[in-house]
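Here's the structure we're looking at; comments come further down.
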Amino acid sequence: MQTESTPPHGFAVDTHCHLFLMEGDAAATVRKARRGGVERLVCVGIDPASSRRSLEMAESFRGVFSTAGMHPHSASDFDQAAGAVIEELLADPLVVGVGETGLDYYRRLSPVEDQQRVFRTHVALSRETGKPLVVHVREAWDDALRILEEERAERVVLHCFSGDQGVAKEAGDRGYFLSFAGNVTYPNAERLRDAATVAPEGHVLAETDSPFLAPQPRRGSPNEPANVIDVLATLAAVRGLNLEPMVEVATEASLRAFPLIR
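Letter 212 of the sequence shown, counting from 1, is numbered 195 in the working numbering, and no numbers are missing.
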């Protein structure tokens, strides 16, 4: 279990990674991130098995925390047994969020009806536990925002934010957190960078979604938590900040989004 503490400022946070999907030595990956100033990692589960594995990672490495949930791609597999495992994991203080959950109408690997049903269940779990909801949305913004409102979602983290300025403004008005990933660095991501300019201060987070979405300077290689600094550098540029204050603002927002990672 974690026994050491780190000062609450002066470091970066990767709010969304999947250590269990990375090749190589997880300990080396975590050490490399820490050497680069990334001292908090949220390892996000995508089903009961990976959620349990994420907790094992959190128990093994200082500064690593986990979440528990069912990805929309696997929503059709969500049954009573899966729900029981996720609820059990959420009782652990190292499990700091519910998800990832949400809606993905791009690939539709589970029927829309199943995705929406499981999404609503996760919103309820977030409200019951008081832990933030980690939300995946792809080509489903209207339904996702509607369900979040209908189910009275409270602390919401929009992972790998992909909306436009209008969605960013609406999400910000609701008090949601917008977490930007490596794709914000891509040359063709002008619309996403425009959204990053209007996201409210104090609600902008940075993530890697590693091992996916390596930022532009590292495309072609597996992504890793250390690369969240590249995301923060792009956010700083589009928001008119130097890197250091951008890191500070994003870290403060991350600690409010995920209070248990303090």
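The beta carbon of each residue, even a glycine, is placed where N, CA and C say it ideally should be.
Because the structure is a prediction, the values reported are computed rather than measured.
Counting C-beta pairs with one atom in each stretch, the stretch 37 to 46 and the stretch 228 to 235 have fewer than three that are closer than 8 angstroms, which means they do not touch.
For residue 27, no beta strand (DSSP E) segment is defined, and its DSSP state is neither H nor E. Rounded to whole angstroms, the gap between the alpha carbons of residue 209 and residue 173 is 24 angstroms. Cβ-Cβ distances below 6 angstroms link residue 183 to 155 in the same chain, with the five nearest sequence neighbours on each side left out; the list follows chain order. For residue 242, the number of other beta carbons within 10 angstroms of its own is below 16, and it is reported as exposed. Per the coordinates, the alpha-carbon of residue 89 lies some 24 angstroms from the alpha-carbon of residue 50. Going by beta carbons, residue 233 and residue 196 fall outside the 7 angstroms limit.
At a Cβ-Cβ threshold of 7 angstroms, residue 215 and residue 240 do not count as neighbours.
Within the model, the alpha-carbon separation for residue 138 versus residue 106 is close to 10 angstroms. When the alpha-carbon of residue 224 is set against those of 191, 180, 91 and 205, the nearest one is in 180.
Around the beta carbon of residue 17, a 10 Å sphere encloses 16 or more other beta carbons of the protein chains shown; the residue is thus reported as buried. Counting along the chain, residue 109 sits inside no beta strand (DSSP E); it lies in the alpha helix (DSSP H) bounded by residues 95 to 112.
By the neighbour-count definition (other C-beta atoms within 10 Å, threshold 16), residue 63 is an exposed residue. Fewer than three beta-carbon pairs drawn from the stretch 117 to 135 and the stretch 62 to 78 are found closer than 8 angstroms, and the two stretches are therefore not classed as touching.
A distance of 7 angstroms or more separates the beta carbons of residue 167 and residue 141. Inclusion of residue 47 and residue 86 in the CB contact set at 7 angstroms is not warranted, their separation being larger than that value. The C-beta separation of residue 178 from residue 158 comes to about 17 angstroms, leaving the pair out of contact by the 8 angstroms criterion. Out of 193, -6, 170 and 153, the CA that lies nearest to the CA of residue 129 is found in 153.
Scanning the stretch 153 to 214 from its first residue to its last, the whole alpha helix (DSSP H) runs of 4-plus residues come out as 173 to 181. Nearest to residue 98 by alpha-carbon distance, out of 113, 54, 110 and 30, is 54. Residue 186 and residue 236 have their C-alpha atoms roughly 6 angstroms apart. Judged by beta-carbon spacing, residue 28 lies beyond the 7 angstroms limit of residue -5, meaning their Cβ atoms are not closer than that value.
Collapsing the DSSP output to three states places residue 39 in a helix.
For residue 236, the enclosing alpha helix (DSSP H) begins and ends at 226 to 240. Rounded to the nearest angstrom, the gap between the Cα atoms of residue 25 and residue 15 is 15 angstroms. Taken through DSSP and simplified to helix, strand or coil, residue -3 comes out as strand.
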